[in-house]
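Position one of the sequence shown corresponds to residue 214 (the numbering used here), numbered consecutively onward.
Following: one structure in structure tokens, then a few remarks.
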Amino acid sequence: MERMIMNDHRRLGRELGIFDTDPLIGSGLPYWLPAGAAVRKAIEGYVYELERRNGYQHVNSPVLGKRELYERSGHWAHYAEDMWPPMRVGGEEFVLRPSLCPHHALICRSRPRSHRDLPLRIAELGGMYRSEPSGVLGGLSRVRAIQLNDGHVFCAPEQAAREVSAALDLIEAAHDRLGIQAARYRLSLGGEGAKFVDDPAMWARSESLLREVLAERGRAYDEEHGEGAFYGPKIDIQITDPAGRESTLSTVQVDYFQPERFDLRYAGGGRPVMVHRSVVGGIERLVAHLVEVHGGAFPAWMAPVQAVVLPLSDAERPAADEVLRRCLAAGLRAELAPADRGSLGARIRAHRLVPYQLVVGPREAASGGASVRMRDGSQAGEVPVEQLAARSRPFG
Ligand SMILES: [Zn+2]
Numbered sequence: 214m215e216r217m218i219m220n221d222h223r224r225l226g227r228e229l230g231i232f233d234t235d236p237l238i239g240s241g242l243p244y245w246l247p248a249g250a251a252v253r254k255a256i257e258g259y260v261y262e263l264e265r266r267n268g269y270q271h272v273n274s275p276v277l278g279k280r281e282l283y284e285r286s287g288h289w290a291h292y293a294e295d296m297w298p299p300m301r302v303g304g305e306e307f308v309l310r311p312s313l314c315p316h317h318a319l320i321c322r323s324r325p326r327s328h329r330d331l332p333l334r335i336a337e338l339g340g341m342y343r344s345e346p347s348g349v350l351g352g353l354s355r356v357r358a359i360q361l362n363d364g365h366v367f368c369a370p371e372q373a374a375r376e377v378s379a380a381l382d383l384i385e386a387a388h389d390r391l392g393i394q395a396a397r398y399r400l401s402l403g404g405e406g407a408k409f410v411d412d413p414a415m416w417a418r419s420e421s422l423l424r425e426v427l428a429e430r431g432r433a434y435d436e437e438h439g440e441g442a443f444y445g446p447k448i449d450i451q452i453t454d455p456a457g458r459e460s461t462l463s464t465v466q467v468d469y470f471q472p473e474r475f476d477l478r479y480a481g482g483g484r485p486v487m488v489h490r491s492v493v494g495g496i497e498r499l500v501a502h503l504v505e506v507h508g509g510a511f512p513a514w515m516a517p518v519q520a521v522v523l524p525l526s527d528a529e530r531p532a533a534d535e536v537l538r539r540c541l542a543a544g545l546r547a548e549l550a551p552a553d554r555g556s557l558g559a560r561i562r563a564h565r566l567v568p569y570q571l572v573v574g575p576r577e578a579a580s581g582g583a584s585v586r587m588r589d590g591s592q593a594g595e596v597p598v599e600q601l602a603a604r605s606r607p608f609g
């Protein structure tokens with residue numbers, strides 16, 4: 214209970230200057246304050262780089278599309294209750310997109326593809342929108358406008374199992390780097406009713422593929438009916454918040470449905486399989502979780518402020534300004550806490566979550582350096598700021 218109060222991201226997120234909300238903007242529509250925007254940018258850069266190193270090409274696509282696009286994709290028939298109502302402009306209807314998949318399917322279709330172009334791995338950090346009822350909204354974990362880390366792999370059927378497994382590798386690498394522990398893996402299956410495409414043979418095919426990959430990786434998992442996507446089953450990686458509430462962070466899905474709906478082909482008449490995957494899910498839910506996991510003491514590479522420069526007295530201010538300038542030039546997110554903000558001890562306490570605390574006394578001012586105090590209170594001595602910067606990158 215105490216941990217829940219301590220690390221509820223809604224309280225801590227506001228205290229740390231991560232995000233806030235305004236009734237005039239609306240519920241479920243938080244905005245990002247400077248510290249939150251910095252954390253988010255660091256994570257986005259890391260995920261972009263992770264994907265780039267693993268064969269993904271990044272694209273950008275609009276956050277809305279014509280109603281016909283979602284009729285074609287199947288969202289209109291199976292997912293309409295989670296979508297925003299259409300907007301009418303110039304005799305046409307547009308909707309805020311409920312997912313990035315249809316845009317990516319069209320990007321795949323926009324150029325002729327041959328078997329040797331596959332797998333085609335497309336990724337985007339893009340907006341998507343859900344018409345969540347206002348009663349369930351709060352903080353960053355459930356929002357109406359989501360920045361989703363999304364990606365789609367278009368591959369030949371015989372490549373699909375390997376691509377699913379590769380996506381799980383990416384997810385596990387990212388969780389490790391972010392400091393996230395999965396609560397459990399869940400195989401989310403289809404169910405009865407209009408929420409799912411009615412094609413038992415297709416479901417059986419994608420389900421057996423996911424089971425095969427999970428078995429091969431030796432990963433324990435639970436299964437749940439009725440939690441799949443409307444077009445196919447998913448491997449969901451679940452996380453829990455300090456109150457024990459569970460949600461899905463990362464996901465990998467196999468889809469034979471949308472390639473058919475969009476008539477995707479590669480030379481020779483083959484129909485690609487679409488592997489949907491999100492390495493870290495929506496940025497809002499991810500940062501909410503990270504705030505709770507780390508209690509605001511983020512790993513150095515994603516900390517909103519990585520270094521604080523602390524002149525012992527006003528006499529060291531010019532030297533401290535120079536240290537700050539060098540920190541910023543080296544790529545560190547850094548700030549100065551001058552002597553008029555209180556005693557050194559008080560300033561250190563005010564910046565206790567900052568990974569590197571750079572103290573500039575008369576000796577350091579003379580040498581042009583700074584003595585580095587780590588967040589845990591240990592002393593690292595005089596470390597060049599370039600070395601601190603090199604230590605504070607997600608890939609080292
Ligand atoms: Zn998708």
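Ideal Cβ placement from N, Cα and C applies to all residues, glycine included.
key: Coarse secondary structure for Met217, derived from DSSP in three states   = Its pLDDT being 45, under 50, Met217 is placed unreliably in this model, and the coordinates cannot settle the point.
ask   = Hey, would you say the C-beta of His489 is under 6 angstroms away from at least one heavy atom of ligand 1?
value = yes
message = Going by DSSP, what residue range makes up the beta strand (DSSP E) through Gln592?
response = Gln592 to Glu595
Residue closest to Thr453, alpha-carbon to alpha-carbon, out of Gln394, Asp468 and Arg490 = Residue Gln394 is the option with its Cα nearest to Thr453.
Beta strand (DSSP E) segment containing Lys279, residue limits = Leu277 to Lys279
task = Quickly, what does DSSP pair Cys368 with across the bridge? List them, please.
result = Val486
key: Inter-residue spacing [alpha-carbon to alpha-carbon] between Arg216 and Gln600   = A caution first: Arg216 carries a pLDDT of 46, below 50, which makes its placement in the model unreliable, though a value can still be read off. In a straight line, the C-alpha of Arg216 is about 35 angstroms away from that of Gln600.
request  = Since I believe Val426 is in contact with Leu378 (beta carbons under 8 angstroms), could you give me their beta-carbon distance rounded to a whole number of angstroms?
outcome  = It should be noted that the sequence gives Ser, not Leu, for residue 378. Yes, they are in contact, since the Cβ atoms of Ser378 and Val426 sit about 5 angstroms apart, within 8 angstroms.
inquiry  = From the DSSP secondary-structure annotation, give me the bridge partner or partners of Thr453.
reply    = Glu459
inquiry  = Quick check: is any heavy atom of ligand 1 less than 6 angstroms from the C-beta of Cys540?
reply    = no
task = Report the three-state DSSP secondary structure of Glu271 (helix, strand or coil).
result = Residue identity check: residue 271 is His in the sequence provided, not Glu. Strand, per DSSP.
query = Does ligand 1 have even one heavy atom less than 6 angstroms from the beta-carbon of Cys314?
reply = yes
task = For my contact list, Ala578 and Ala543 are in at a C-beta cut-off of 8 angstroms; report their separation, rounded to the angstrom.
result = Between Ala543 and Ala578 the Cβ distance is about 19 angstroms, and since that is not below 8 angstroms, they are no contact.
request  = For Phe608, count neighbouring Cβ atoms within 10 angstroms of its own Cβ and tell me buried if that reaches 16, exposed if not.
outcome  = exposed
Element boundaries [alpha helix (DSSP H), containing Gln600] = Val598 to Arg604
key: One or two residues paired with Pro413 in a DSSP bridge   = According to DSSP, which records beta bridges pairwise, Pro413 is partnered with nothing at all.
Bridge partners - Met341, DSSP secondary structure assignment = Ile359
query = Based on Cα-Cα distance, which residue from His507, Gly241 and Val518 lies nearest to Ser344?
reply = With distances taken between Cα atoms, Ser344 lies closest to Gly241.
task = Report yes or no: do the region 318 to 330 and the region 427 to 440 share at least 3 C-beta pairs separated by less than 8 angstroms?
result = no
key: Residues of its chain near Glu535, where Cβ-Cβ distance is below 8 angstroms and the 5 sequence neighbours each way are ignored   = Around Glu535: Gly581.
query = Since Lys254 sits in a beta bridge, which residues does DSSP pair it with?
reply = Answer is none; Lys254 lacks a bridge partner.
key: Backbone secondary structure at Phe608 - three-state DSSP   = coil
inquiry  = In whole angstroms, give me the CA-to-CA distance for Phe470 and Gly445.
reply    = C-alpha separation (whole angstroms): 8 angstroms.
Proximity winner among Pro472, Gly574, Val260 and Val276, relative to Val522 (alpha-carbon distances) = Gly574
query = What whole-angstrom Cβ distance do Leu353 and Ala501 have, given they're in contact under 8 angstroms?
reply = 4 angstroms
query = Are Phe367 and Leu333 close, meaning C-beta to C-beta below 7 angstroms?
reply = Yes, the Cβ-Cβ distance between Phe367 and Leu333 is below 7 angstroms.
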